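*Asks:* Under our numbering, the first residue of the sequence shown carries the number 16, and numbering increases by one thereafter. Note that beta-carbon positions come from the ideal geometry of N, C-alpha and C, so glycine has one too. It should be emphasised that the depicted structure is a prediction, and the values quoted were computed from it without experimental measurement.
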Amino acid sequence: MARGVRIGHVGTLDPMATGVLVVAFGAATRVTEWLALDDKEYEAEVTLGSATDTYDATGTEVGGSEPPRDADLIGSALEELQRRTVQTPPRYSAIKVAGQTAYRYARRGAEIHLAPRPVRIDRLALLDWRFPRATVSIACSKGTYVRSIAHDLGILLGCGAHLSALRRMRSGRFAIANASPLARLLQAIRDRKDEGFTISIRHALGDWPSIDVTQDRAAMLRSGVPIAGLPVDPTRSDSLALAVEGGHAIAIVEWRDACWRPRKVLT
Numbered sequence: 016m017a018r019g020v021r022i023g024h025v026g027t028l029d030p031m032a033t034g035v036l037v038v039a040f041g042a043a044t045r046v047t048e049w050l051a052l053d054d055k056e057y058e059a060e061v062t063l064g065s066a067t068d069t070y071d072a073t074g075t076e077v078g079g080s081e082p083p084r085d086a087d088l089i090g091s092a093l094e095e096l097q098r099r100t101v102q103t104p105p106r107y108s109a110i111k112v113a114g115q116t117a118y119r120y121a122r123r124g125a126e127i128h129l130a131p132r133p134v135r136i137d138r139l140a141l142l143d144w145r146f147p148r149a150t151v152s153i154a155c156s157k158g159t160y161v162r163s164i165a166h167d168l169g170i171l172l173g174c175g176a177h178l179s180a181l182r183r184m185r186s187g188r189f190a191i192a193n194a195s196p197l198a199r200l201l202q203a204i205r206d207r208k209d210e211g212f213t214i215s216i217r218h219a220l221g222d223w224p225s226i227d228v229t230q231d232r233a234a235m236l237r238s239g240v241p242i243a244g245l246p247v248d249p250t251r252s253d254s255l256a257l258a259v260e261g262g263h264a265i266a267i268v269e270w271r272d273a274c275w276r277p278r279k280v281l282t
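As structure tokens, this is what we get:
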């Protein structure tokens, strides 16, 4: 790999999952904390009639019974799940408990309590039903566990269920229709070639307000100096914006004390 290229990624996928994983390199690695806040979309296969300790196909079966065959019952249960605003994460997850990840406790057989967390599910629709597997379309907020959705569906239907396949279709502005294989991206980085599938920081944060700055003011921001007197002020004191010079994002700035102050310099 070419030396000096910083690479990171946005969010994680379970080992059995496929689909969109946002990869950042260069200055874009400095904005991954905001990209990770974006909503997600998935297509999930849920196998009814079998619950597992991990809530997915990698775990050990812990119960189950004959699932219903009526697709309308499954659709009604999904509608109820969509209305929920809190969710209990799986014990086998990367959530920190007393400084350790929950799955480490779970692997040791230790009892842990994970509190329900707020989530938002915008879509939870049945795409296909082929007994005993349901394919479900999901649009949700960051932090929503699809494995927990599968597990909770099994509880509602009284038969147990687990996640048997998962594909992330979208993460923020990054959709699977525009995705490229990871091997192709890594080869392009090695060859230092832009094959047209990269997305600029400005486009990735396209819903953010942007502020055009002159070359002199761009130099001030790069040096950590706040700037004042610009015509665009956010309505909230904690609002962030992109400072743009010549069409390129050069810094994330924060409006505070009547000035735009550099939060992160990107170039």
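Report yes if the C-beta distance between residue 125 and residue 118 is below 8 Å; otherwise report no.
*Replies:* Here residue 125 refers to the residue found at position 110 of the sequence shown. Here residue 118 refers to the residue found at position 103 of the sequence shown. Their beta carbons are not under 8 Å apart, which means residue 125 does not touch residue 118 by this criterion.
*Asks:* Check the DSSP bridge columns for residue 212 and list the partner residues they point to.
*Replies:* Residue mapping note: residue 212 aligns to position 197 of the sequence shown, counting from 1. Answer by DSSP bridge pairing: none, since residue 212 is not bridged.
*Asks:* CB-CB under 6 Å to residue 107, same chain, minus the five flanking residues each way: which ones, in chain order?
*Replies:* Numbered from 1 along the sequence shown, position 92 holds the residue referred to as residue 107. Excluding residues within five positions, the ones whose Cβ falls inside 6 Å are 69, 118 and 121.
*Asks:* When DSSP labels each residue in this structure, what does residue 160 get in the three-state scheme?
*Replies:* Position 145 of the sequence shown holds residue 160. Of the three classes helix, strand and coil, the one that applies to residue 160 here is coil, per DSSP.
*Asks:* Let me know the secondary structure DSSP gives residue 269 once reduced to three states.
*Replies:* Translated into the one-based positions of the sequence shown, residue 269 becomes position 254. If DSSP states are grouped into helix, strand and coil, residue 269 belongs with the strands.
*Asks:* So who's on the other strand from residue 150, going by DSSP bridges?
*Replies:* For the purposes of this step, residue 150 is identified with residue 135 of the sequence shown, where counting begins at 1. Its beta-bridge partners are 60 and 143.
*Asks:* State the Cα-Cα distance for the pair residue 282 and residue 58, rounded to the nearest angstrom.
*Replies:* On the sequence shown, position 267 is the one that residue 282 refers to. On the sequence shown, position 43 is the one that residue 58 refers to. Cα-Cα distance, rounded: 37 Å.
*Asks:* Under a three-way DSSP split, which group does residue 87 fall into?
*Replies:* Stepping through the sequence shown from its first residue, residue 87 is reached at position 72. Helix at residue 87.
*Asks:* Whole angstroms is fine: what's the gap from residue 251's alpha carbon to residue 176's?
*Replies:* Numbered from 1 along the sequence shown, position 236 holds the residue referred to as residue 251. Numbered from 1 along the sequence shown, position 161 holds the residue referred to as residue 176. Since pLDDT at residue 251 reaches only 47, below the 50 mark, its modelled position is unreliable, and the value read off the structure follows with that caveat. When rounded, the distance between both Cα atoms is 44 Å.
*Asks:* Return the CA-CA distance between residue 86 and residue 181, expressed in angstroms with no decimal places.
*Replies:* Taking the first residue of the sequence shown as 1, we reach residue 86 at position 71. Taking the first residue of the sequence shown as 1, we reach residue 181 at position 166. Each residue's Cα considered, the two are about 20 Å apart.
*Asks:* Taking CB distances under 8 Å as the criterion, tell me whether residue 67 reaches chain C.
*Replies:* Checking the listed chains, one finds no chain C in this structure; it contains a single protein chain.
*Asks:* Quick check on the DSSP output: the alpha helix (DSSP H) that includes residue 206 runs from which residue to which?
*Replies:* What you label residue 206 is simply residue 191 of the sequence shown in a count that begins at 1. Counting along the chain, the alpha helix (DSSP H) containing residue 206 begins and ends at 197-206.
*Asks:* Just reading off the beta strand (DSSP E) that residue 227 is part of, what are its end residues?
*Replies:* Residue 227 sits at position 212 when you count from the first residue of the sequence shown. Residues 225-227.
*Asks:* Check whether the Cβ atoms of residue 274 and residue 224 sit closer than 8 Å, and answer yes or no.
*Replies:* Translated into positions along the sequence shown, residue 274 becomes position 259. Translated into positions along the sequence shown, residue 224 becomes position 209. Cβ distance not < 8 Å, so residue 274 and residue 224 don't count as in contact.
*Asks:* Go through its chain and collect everything with a Cβ distance to residue 137's Cβ below 6 Å, but skip five positions before and after it.
*Replies:* To locate residue 137, count along the sequence shown from 1; it is residue 122. Same-chain partners within the cutoff: 154.
*Asks:* By alpha-carbon positions, which one of 143, 190 and 159 ends up nearest to residue 132?
*Replies:* Position 117 of the sequence shown, counting from 1, holds the residue named residue 132. Checking every option, the nearest Cα to that of residue 132 belongs to 159.
*Asks:* Please state if the CB of residue 163 and the CB of residue 105 are separated by a distance shorter than 8 Å.
*Replies:* For the purposes of this step, residue 105 is taken as the residue at position 90 of the sequence shown. For the purposes of this step, residue 163 is taken as the residue at position 148 of the sequence shown. Cβ atoms of residue 105 and residue 163: closer than 8 Å.
*Asks:* Measuring straight from C-alpha to C-alpha, what distance separates residue 28 and residue 116?
*Replies:* As a first step, residue 28 is located in the sequence shown; it is residue number 13 there, counting from the start. As a first step, residue 116 is located in the sequence shown; it is residue number 101 there, counting from the start. About 16 Å.
*Asks:* Using the C-alpha atoms, what's the distance from residue 102 back to residue 114?
*Replies:* As a working note, residue 114 is residue 99 in the sequence shown. As a working note, residue 102 is residue 87 in the sequence shown. Cα-Cα distance, rounded: 21 Å.
*Asks:* Just reading off the alpha helix (DSSP H) that residue 48 is part of, what are its end residues?
*Replies:* Sequence index remark: in the sequence shown, residue 48 carries index 33 (1-based). From DSSP, the alpha helix (DSSP H) with residue 48 extends over 47-50.
*Asks:* So for residue 194, helix, strand or coil by DSSP?
*Replies:* In the sequence shown, counting from the first residue as 1, residue 194 sits at position 179. Looking at residue 194 - three-state DSSP - the assignment turns out to be coil, as it is neither helix nor strand.
*Asks:* Kindly indicate which three-state DSSP category residue 76 falls into: helix, strand or coil?
*Replies:* For the purposes of this step, residue 76 is taken as residue 61 along the sequence shown, with counting starting at 1. Note: residue 76 maps to strand in three-state DSSP.
*Asks:* For residue 171, which residues from the same chain have a beta carbon less than 6 Å from its beta carbon, with the 5 sequence-adjacent residues on both sides left out?
*Replies:* The count along the sequence shown starts at 1 and reaches residue 171 at position 156. Counting only Cβ-Cβ distances below 6 Å, and skipping sequence neighbours, we find 92.
*Asks:* DSSP three-state label for residue 127, please.
*Replies:* Numbered from 1 along the sequence shown, position 112 holds the residue referred to as residue 127. Here residue 127 sits in coil by DSSP.
*Asks:* Take the Cβ of residue 67 as the centre, count every other Cβ of all protein chains shown within 10 Å, and call the residue buried at 16 or more, exposed below.
*Replies:* The residue you call residue 67 lines up with position 52 of the sequence shown. It counts as buried.
*Asks:* Could you check whether residue 183 and residue 35 sit closer than 8 Å to each other, using their CB atoms as the reference points?
*Replies:* As a working note, residue 35 is residue 20 in the sequence shown. As a working note, residue 183 is residue 168 in the sequence shown. For residue 35 and residue 183, yes; Cβs fall inside 8 Å.
*Asks:* Does residue 169 come out as helix, strand or coil in the three-state DSSP assignment?
*Replies:* If you number the sequence shown from 1, residue 169 lands on position 154. It is helical.
*Asks:* Leaving out the 5 sequence neighbours to the left and right, which residues in its chain are closer than 7 Å to residue 42 when beta-carbon positions are compared?
*Replies:* Along the sequence shown, one-based indexing puts residue 42 at 27. Within the same chain, residue 42 has close Cβ partners 216, 281 and 282.
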